[in-house]
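Counting in the numbering used here, the sequence shown runs from 98 upward without gaps.
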Amino acid sequence: MNAPDETYSGVTPAPTVNAARAMQYVKEIVAFGARPIGSANHKKLEQYIVAHLKGDQVEYDSFTADTPEGKFPVRNIIAKYPGTKDGIIVIAGHYDTNYPLRNTGYVGANDGGSSTAILLEIANQLRGKKRDGYSVWLLWTDGEEAVKQWSDNDSLYGTRHLAEKWQNDGTLKKIKAFLLTDMIGDADLNIERDQNSTPWLEDLILQAAVRLGYQSHFFARTIGVADDHLPFARRGVPVADMIDLNYGYGNVFHHTTQDTVDKLSPKSLEIVGNVILETIWMLDKKN
């Protein structure tokens, strides 16, 4: 038994998410139907996200992506919550859904829905509060999914564009940590330890999970994940991907019409949301 961690005693605890509200967001997002890039439903979801950020400092990274299926509009949405400490923590998650499955009845409740929703709920916890720590930027990434077949050139359209843009304008070197969420709503939650993530940041996430009593849901398995953190990792940014790629036995629900709200749990959204907020809080206290 380790002695309790005294490093953070005597300071205000991190906020916690409202799990029921996060789950309601998932249901509202899924009600739009499939949300692939270039679709009317995707546009409706953009408007839904931005409506929830009314009064916040919101920026867009909009461009046209060349894909194997032609040109598509891509829009990353960034909400900024300024802090007193020099540096930025980015919390990201994609809001587009699988393009090849767009006409099958696929709704992407977990893959696309859960990440969009938890960022909206984290925004509720940051909004209107003075941040005595790093600035936090919430990033709804677009064009994460492949249009035809996953490859280096057919995937991660939004983050490949934004990482390059932020490298060119000097933003990248201010980022202290890039935390990605993806497929985090599975009722049987098992967040992977990702070999493409930064070890010290993964360790900090585990420490946050231990502090909250959630460690049984973290890092039982180690795999290498290709996801929206890679364009930032390749440019030297500390990154961590919080993803559960065991969605149904053997990941059987992933990228199928079985990716529906009934497979998800508000408790899983709560676990991941609270660990993110705890990790932000711990990063704030780090020197």
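The beta carbon of each residue, even a glycine, is placed where N, CA and C say it ideally should be. Please read these numbers as outputs of a predicted model, since none were measured by experiment.
- The DSSP-derived three-state label of Lys-227 is coil.
- With 16 or more other CB atoms across the displayed protein chains lying within 10 angstroms of its CB, Gln-222 is buried.
- In terms of CA proximity to Gly-130, Leu-198 leads the group Ala-274, Lys-271, Leu-198.
- When only Cα atoms are considered, Leu-301 and Met-379 end up about 8 Å apart.
- Straight through space, the alpha carbons of Gly-190 and Glu-241 are spaced by roughly 9 Å.
- In this structure, the beta-carbon distance from Ser-365 to Leu-286 falls below 7 Å.
- With respect to the 7 Å criterion, Leu-217 and His-139 are not classified as neighbours on the basis of their beta carbons.
- Secondary structure remark: continuous beta strand (DSSP E) runs of at least 3 residues inside the segment 269 to 348, in chain order: 272 to 279, 288 to 291, 315 to 320, 336 to 340.
- For Asp-381, the enclosing alpha helix (DSSP H) starts and ends at 363 to 382.
- Counted as a single uninterrupted DSSP element, the beta strand (DSSP E) harbouring Asp-163 occupies residues 154 to 164.
- Around the beta carbon of Lys-151, fewer than 16 other beta carbons sit within 10 angstroms, so the residue counts as exposed.
- At a Cβ-Cβ threshold of 7 Å, Gly-255 and Val-171 count as neighbours.
- Here DSSP, grouped into helix, strand and coil, assigns Thr-181 to strand.
- Counted as a single uninterrupted DSSP element, the alpha helix (DSSP H) harbouring Thr-256 occupies residues 254 to 266.
- A straight line joining the alpha-carbon of Ala-111 with that of Met-339 spans about 19 Å.
- Take Ala-284, set aside five residues on each side of it, and the residues of its chain with a beta-carbon closer than 8 Å to its own are Lys-360, Leu-361, Ser-362, Lys-364, Ser-365, in chain order.
- Around Gly-135, the same chain offers Phe-169 as residues with beta carbons nearer than 6 Å, after the five sequence neighbours per side are excluded.
- The three-state reading of DSSP puts Thr-109 in coil, since its state is none of H, G, I, E or B.
- The residue among Ala-260, Tyr-192, Thr-181 with its C-alpha nearest the C-alpha of Val-233 is Thr-181.
- Within the DSSP secondary-structure output, Pro-170 pairs in a beta bridge with Thr-161.
- Of all alpha-carbon atoms in Phe-315, Gly-370, Phe-329, the one lying nearest the alpha-carbon of Leu-342 is that of Phe-315.
- The DSSP-derived three-state label of Val-147 is helix.
- Beyond the five residues adjoining it in sequence on each side, Arg-118 comes within less than 8 Å, by CB distance, of Glu-218, Asn-221 in the same chain, given in chain order.
- Judged by DSSP secondary structure, Gln-121 falls within the alpha helix (DSSP H) whose first and last residues are 116 to 127.
- The C-beta of Ile-377 has 16 or more other C-beta atoms within 10 Å across all chains shown, which makes the residue buried.
- Note on geometry: alpha-carbon atoms of Trp-247 and Asp-229 lie some 41 Å from one another.
- Here Ser-212 is not bridged, per DSSP, to any residue.
- Secondary structure at Ile-175: strand, using DSSP grouped into helix, strand and coil.
- Here Asp-239 is actually not in contact with Tyr-203; their C-beta atoms are around 18 Å apart, not less than 8 Å.
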